[in-house]
Amino acid sequence: MPIAIGVFVVILLVVLGAVLVYRRRPPERAARWHENDRVEGTYAVLLASTAAFLLYLTFTAEHRVDTLANRERPAVIIDVTGSKWEWTFTYPGYGFSVRSGTVGRQPLVVPAGEAVRFQVTSTDVIHSFWIPALRYKHDAIPGSVQITTLSFSRGVFAGQCAEFCGLRHSDMVFTARAVSPAAFAAWARGRGSGPTP
Amino acid sequence: MSVATRHPARFPVIGGWLGTLTSTDHKRMGLTLGVCSLFFFLLGGVFALLMRTQLAQSNMHFVSDNSYNELFTMHGSTMIYLFVTPMAIAMSLYLVPLQIGATRISAPRLCLAGMWTWICGGLVMQQGWFASGGAGRAGWSSYAPQSNGINTPGVGMDLWVIGVILAATGMLVMGGCVVATIARRRAPGMSLLRMPLYTWTALVSVLMVVGSFPMLVLVMVLLYIDRHGGRIFTGFEGSIDYQDLFWFFGHPVVYVMFFPYLGAAAEAIAVSAHKRWFGYLAFVASMMMFAALSMSVWSHHMYVTGGVTNQYFAFTSTLLLVPAGIEYFDMIGTLIGGAIVLRTSMLFGLTFFIQFLIGGLSGIFVASPVLDYHAYGTYIVVAHFHYTLFAGSIFGFFAGVYHWFPKVTGALLREGLGKLHLALMAVGTNLTFFPMFFLGNDGMPRRVSRYPTHPGWGTLNELETIGAGIIAIGVLVFLFNVWTSLRRRVPAGDDPWLGHTLEWATTSPPPPLNFEAPLPPIRSYAPLLDLREEELDRARERAEVTVGG
Numbered sequence: 156m157p158i159a160i161g162v163f164v165v166i167l168l169v170v171l172g173a174v175l176v177y178r179r180r181p182p183e184r185a186a187r188w189h190e191n192d193r194v195e196g197t198y199a200v201l202l203a204s205t206a207a208f209l210l211y212l213t214f215t216a217e218h219r220v221d222t223l224a225n226r227e228r229p230a231v232i233i234d235v236t237g238s239k240w241e242w243t244f245t246y247p248g249y250g251f252s253v254r255s256g257t258v259g260r261q262p263l264v265v266p267a268g269e270a271v272r273f274q275v276t277s278t279d280v281i282h283s284f285w286i287p288a289l290r291y292k293h294d295a296i297p298g299s300v301q302i303t304t305l306s307f308s309r310g311v312f313a314g315q316c317a318e319f320c321g322l323r324h325s326d327m328v329f330t331a332r333a334v335s336p337a338a339f340a341a342w343a344r345g346r347g348s349g350p351t352p
Numbered sequence: 074m075s076v077a078t079r080h081p082a083r084f085p086v087i088g089g090w091l092g093t094l095t096s097t098d099h100k101r102m103g104l105t106l107g108v109c110s111l112f113f114f115l116l117g118g119v120f121a122l123l124m125r126t127q128l129a130q131s132n133m134h135f136v137s138d139n140s141y142n143e144l145f146t147m148h149g150s151t152m153i154y155l156f157v158t159p160m161a162i163a164m165s166l167y168l169v170p171l172q173i174g175a176t177r178i179s180a181p182r183l184c185l186a187g188m189w190t191w192i193c194g195g196l197v198m199q200q201g202w203f204a205s206g207g208a209g210r211a212g213w214s215s216y217a218p219q220s221n222g223i224n225t226p227g228v229g230m231d232l233w234v235i236g237v238i239l240a241a242t243g244m245l246v247m248g249g250c251v252v253a254t255i256a257r258r259r260a261p262g263m264s265l266l267r268m269p270l271y272t273w274t275a276l277v278s279v280l281m282v283v284g285s286f287p288m289l290v291l292v293m294v295l296l297y298i299d300r301h302g303g304r305i306f307t308g309f310e311g312s313i314d315y316q317d318l319f320w321f322f323g324h325p326v327v328y329v330m331f332f333p334y335l336g337a338a339a340e341a342i343a344v345s346a347h348k349r350w351f352g353y354l355a356f357v358a359s360m361m362m363f364a365a366l367s368m369s370v371w372s373h374h375m376y377v378t379g380g381v382t383n384q385y386f387a388f389t390s391t392l393l394l395v396p397a398g399i400e401y402f403d404m405i406g407t408l409i410g411g412a413i414v415l416r417t418s419m420l421f422g423l424t425f426f427i428q429f430l431i432g433g434l435s436g437i438f439v440a441s442p443v444l445d446y447h448a449y450g451t452y453i454v455v456a457h458f459h460y461t462l463f464a465g466s467i468f469g470f471f472a473g474v475y476h477w478f479p480k481v482t483g484a485l486l487r488e489g490l491g492k493l494h495l496a497l498m499a500v501g502t503n504l505t506f507f508p509m510f511f512l513g514n515d516g517m518p519r520r521v522s523r524y525p526t527h528p529g530w531g532t533l534n535e536l537e538t539i540g541a542g543i544i545a546i547g548v549l550v551f552l553f554n555v556w557t558s559l560r561r562r563v564p565a566g567d568d569p570w571l572g573h574t575l576e577w578a579t580t581s582p583p584p585p586l587n588f589e590a591p592l593p594p595i596r597s598y599a600p601l602l603d604l605r606e607e608e609l610d611r612a613r614e615r616a617e618v619t620v621g622g
């Protein structure tokens, strides 16, 4: 991000500078040079190295998010099912579900600080399971169950469908509450019927 | 030159409406296509204003959810299928034969048929508004299964599919005619590496039209069958297949909507700097690299589906920064040492580069899968592609309009109004699209008609709506400028800007067969600049001889 802003500012200043310096000269005074293989070549190499560096960063981060995270043993598994226009969160280990969207208003409750495995699917069209504060989303696609592992810090997070899914797409929202593992266990053992921790 | 007058009798000039509808003159086809595209631009702009009005406050009920879904679908579809892409082709139809010294386009009647197919496509798509249930409403990309007969039933959506098929077929045919013209009709001396910048950008973009539009036609035909009981895009594989096929068209088209406007901005900058474009060979090579990469990045739209190899597409997408960086380098190299005149076309060209930079740099972010896991489907993406398409391409388009309007009409546009137009557009654009980065990052998804009351969101959205209004005023200033410049004409002459390329060597507007006088010798990509430089050298020599003698 700072690099991008830096690049923008540098180019903006160079362009403005060039315009100011070379303004209002008679056309005959315009320079005729229009090529410089060495400078252009060096610059191309510089660009390619920048791309390589960015890719290195990206691949490392992706390995961490997609591969290493899913190797962790999850503390809890939650099935996430998108359907028009409702999220159903099923806790298979405890045998109950909560719903949120156009009908339900029940929050998704997770233990904070532990690996939570989400098994994401859909019953009708493509939805996308998104919790902005975690900077992560994954599509819910009918006919497949996709696995993703996240961990939460304690707090309340807004969540929303991020793939257009028809008339009431705007209302396909939910809240995620990350509570202490003990509070989570107590809530889940009560099959989610007790007060939300 | 003999080629210019070989078959005058075969091209009777018919005036009036009948002539406009049936002429096979590339200039008149280009103008008709351009004017129709501009009409769709205004229509798409109205859709955008309606959307921004709905979004001005968090829980507005200005339009219904269903109408909002129609509006964003038809806004995107109208702008992409009926304005930015066909306008790029319209400019190529008009300019490419002139720039390469050709008298006419290849396969002109086929091209005319293509133009009419496209016009029919546009009209069919817009007829959806009158269908029960409404127009197409599954997004401009119309992902299956959302777009199938169960989830989006109705004639309006069918009309959308058929409209896209017709529009795409028409553009494919016209693109093919431009490719053939460049391949077959270059004037003697006009080798490929002496073609003007604009022609190169046009060539690369129509090659991509030819390469990728058949896929759009195919996927839309399959979608039509699917909608009527064919069960093609079902299950996980079906959903992924649709996206793969669609984006195989959908990403290249982004560059089709970019290259010709880049070319227009580059020509305007080089001419207004009175200096030939710096690094021509590197520029051509970067165009090629751009085209090759842009045909191989399509699945970067699908990082969050879990159905594609993210690393490969991150690799190709990130590499795009190399050709993009070369363009900027060349642009700066052209400015340095030039004799710059800040006329409207130049200002639009420079603003194109600066604003596109925001789109380009944000593109590097969304090219990375891990960052895209957050950005995908949010207003970050909306901001990103509007910075490339609107803050970029549209400004390049206007650079081209101010640059070539005198050639096309023989009259100059008013500079004062032009600069007012630019100022309004630049302020409006940044006010509309920059806050979207913050909204998206904060968690506002795209394609929602309502959003929760969230601290700051109301203000940012209000600013965006005001910005959209300013853009609209800017566009009205432009239309007024065109109207008044045509009514009270300031004659432009053949070459008001000291142009570099062959279109400035003929009259304004050019005669039916483009060139009546012999073409100047073509020894580089700026033949008219060559002539002026030789003239200058001779004058200097004479002066030296006089002084020395």
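Residue numbers (the numbering used here), protein chains in the order written: chain D, 156 to 352; chain E, 74 to 622. Glycine included, each C-beta is placed from N, C-alpha and C at the ideal position.
| Asked | Found |
| --- | --- |
| As assigned by DSSP and simplified to three states, the class of Leu-128/E | helix |
| Proximal residues to Thr-532/E (C-beta, below 7 Å), its chain only, five neighbours per side dropped | none |
| Every unbroken alpha helix (DSSP H) within the segment 532-566 of chain E, with a cutoff of 4 residues, ordered by chain | none |
| Identified DSSP bridge partners for Arg-272/D | Ile-232/D and Thr-304/D |
| Counted within 10 angstroms of its Cβ, other Cβ atoms place Tyr-211/D as buried (16 or more) or exposed | exposed |
| Neighbour flag for Glu-608/E against chain D, beta carbons, 8 Å | no |
| Alpha-carbon spacing of Val-258/D relative to Trp-242/D, whole angstroms | 10 Å |
| Exposure label - Glu-400/E; buried when at least 16 CB within 10 Å | buried |
| Rounded C-alpha distance that separates Pro-297/D from Thr-278/D | 5 Å |
| Beta-carbon neighbours of Arg-349/E, restricted to chain D and to distances below 8 Å | Arg-187 and His-189 |
| Status (buried if at least 16 other CB within 10 Å, exposed otherwise) for Thr-557/E | exposed |
| Exposed unless 16 or more other CB atoms sit within 10 angstroms - verdict on Arg-344/D | exposed |
| Stretch-stretch touch, CB-based, cutoff 8 Å, three pairs: the segment 425-445 of chain E with the segment 216-224 of chain D | yes |
| Segment contact, 8 Å Cβ cut-off, at least three pairs: the segment 487-501 of chain E with the segment 450-457 of chain E | no |
| Own chain residues within Cβ distance below 8 Å of Gly-529/E, not counting five before or after | Phe-511 and Asp-515 |
| Status (buried if at least 16 other CB within 10 Å, exposed otherwise) for Val-280/D | buried |
| Local conformation of Ile-286/D per DSSP, three classes | strand |
| CB contact check: Gly-256/D to chain E, cutoff 8 Å | no |
| Closer than 8 Å to chain E by CB, Gly-237/D | no |
| Closer than 8 Å to chain E by CB, Ala-337/D | no |
| Own chain residues within Cβ distance below 7 Å of Arg-79/E, not counting five before or after | Confidence at Arg-79/E is low in this model, with a pLDDT of 47, below 50, so the placement of that residue should be treated as unreliable; the coordinate-derived value is given next. No residues qualify anywhere along the chain. |
| Top-ranked residue by Cα proximity to Leu-167/D, from Ser-367/E, Trp-233/E and Ile-431/E | Ile-431/E |
| 8 Å Cβ cutoff met for Ala-578/E and Pro-594/E | no |
| Closer than 8 Å to chain D by CB, Ala-578/E | no |
| Buried or exposed by the 16-neighbour rule on C-beta atoms within 10 Å, applied to Thr-382/E | exposed |
| Chain-order list of residues whose beta-carbon lies under 6 Å from that of Val-355/E (same chain, five-residue window excluded) | Rather than Val, the amino acid found at residue 355/E in this sequence is Ala. Within the same chain, Ala-355/E has close Cβ partners Ile-399. |
| Runs of alpha helix (DSSP H) lying entirely within the segment 342-396 of chain E, each at least 4 residues, in chain order | 353-367 and 383-392 |
| Val-282/E versus Leu-245/E - alpha carbon distance | 6 Å |
| Pick from Gly-483/E, Gly-302/E and His-374/E that is closest to Asp-314/E, judged by C-alpha positions | His-374/E |
| Counted within 10 angstroms of its Cβ, other Cβ atoms place Pro-226/E as buried (16 or more) or exposed | exposed |
| CB contact flag (Pro-325/E, Gly-284/E, <8 Å) | yes |
| Reduced DSSP secondary structure (H/G/I, E/B, other) of Leu-104/E | helix |
| Euclidean distance between Cα positions of Gly-207/E and Leu-322/D | 12 Å |
| Identity of the residue in Val-290/E, Tyr-271/E and Leu-171/E nearest Trp-191/E by Cα | Val-290/E |
| Arg-259/E in three-state terms, based on DSSP | coil |
| The segment 125-155 of chain E: positions lying closer than 8 Å to chain D by Cβ | Asp-138, Asn-139 and Asn-142 |
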